[in-house]
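Enquirer: Once you've had a glance at the structure underneath, I'll fire off some questions.
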């Protein structure tokens, strides 16, 4: 599963790289077009030679970028195929596992008392911790008032914190 996550992150990085390469290609292509237009207008031989050199340099850079873009697209396609194959393998394993343990054999369990009891314990622990830090706790109102940082009053109402005159979420 972690290798799938790594592949997904690599796919995201390749996508960002592809976007950056395509953006750079667009900018260089615009620059190349400007040089070509200037070359057609220029009459001075020295300036014309310099523009020809710039046009050739931009063409070289555009060709390199096109190659990088193509390679990145190939890498993305291959990585996408690997992820699709892994997804199919996972689905097949799940299907095989489902066939081995039919739903009729599974026992239903009611976890609500356990979850509710754990939530109560966590709430009690939070209240004890806040009270030990000098907070005034009113669980019925869902508010915790603490005195911190001199005269600043922090009130946690569950929907956001009221901090010295403003409500932050």
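In the working numbering, the protein residues as written are 1 to 169. Beta carbons: idealized from backbone N, C-alpha and C, even for Gly. From a predicted model like this one, the values you see are computed outputs, not experimental measurements.
(1) Helix, strand or coil for residue 44 per DSSP?
(2) Suppose the cutoff is 6 Å on Cβ atoms and the five residues either side in sequence are ignored; what does the same chain contact list for residue 57 look like?
(3) Could you check the C-alpha separation between residue 71 and residue 99 for me, to the nearest Å?
(4) Note down, in chain order, each residue of its chain lying with its Cβ closer than 7 Å to the Cβ of residue 53, except the 5 sequence neighbours on either side.
(5) Would you decide whether residue 96 is buried or exposed? Buried here means 16 or more other CB atoms lie within 10 Å of its CB.
(6) Name the residue from 83, 88, 93, 94 whose alpha carbon lies nearest to the alpha carbon of residue 9.
(7) Sort 49, 18, 27, 88 by Cα distance to residue 76 and report the nearest one.
(8) Please state if the CB of residue 68 and the CB of residue 21 are separated by a distance shorter than 7 Å.
(9) Within 10 angstroms of the Cβ of residue 51, are there 16 or more other Cβ atoms? Answer buried if so, exposed if not.
(10) Could I get the ranges of all uninterrupted beta strand (DSSP E) runs contained in the segment 72 to 104, with 3 residues as the minimum, in chain order?
Expert: The short version:
(1) Residue numbering aside, residue 44 sits at position 44 when the chain shown is read from its first letter. Residue 44: coil per DSSP, three-state reduction.
(2) Translated into the one-based positions of the chain shown, residue 57 becomes position 57. Excluding residues up to 5 positions away in sequence, nothing lies with its Cβ nearer than 6 Å to the Cβ of residue 57 in the same chain.
(3) Against the chain shown, residue 71 aligns to sequence position 71. Against the chain shown, residue 99 aligns to sequence position 99. If I take the Cα positions, the gap works out to 42 Å.
(4) Position 53 of the chain shown, counted from the start, is the residue given in the question as residue 53. Nothing meets the Cβ criterion.
(5) Residue numbering aside, residue 96 sits at position 96 when the chain shown is read from its first letter. Exposed, because fewer than 16 other Cβ atoms sit within 10 Å of the Cβ of residue 96.
(6) By one-based count along the chain shown, residue 9 stands at place 9. That would be 83, whose Cα lies nearest to the Cα of residue 9.
(7) In the chain shown, residue 76 corresponds to position 76, counting from 1. Among 49, 18, 27, 88, the Cα nearest to that of residue 76 belongs to 18.
(8) In the chain shown, the residue the question calls residue 21 occupies position 21. In the chain shown, the residue the question calls residue 68 occupies position 68. In contact: residue 21 and residue 68 (Cβ atoms closer than 7 Å).
(9) The residue labelled residue 51 in the question sits at position 51 within the chain shown. Under this definition residue 51 is a buried residue.
(10) none
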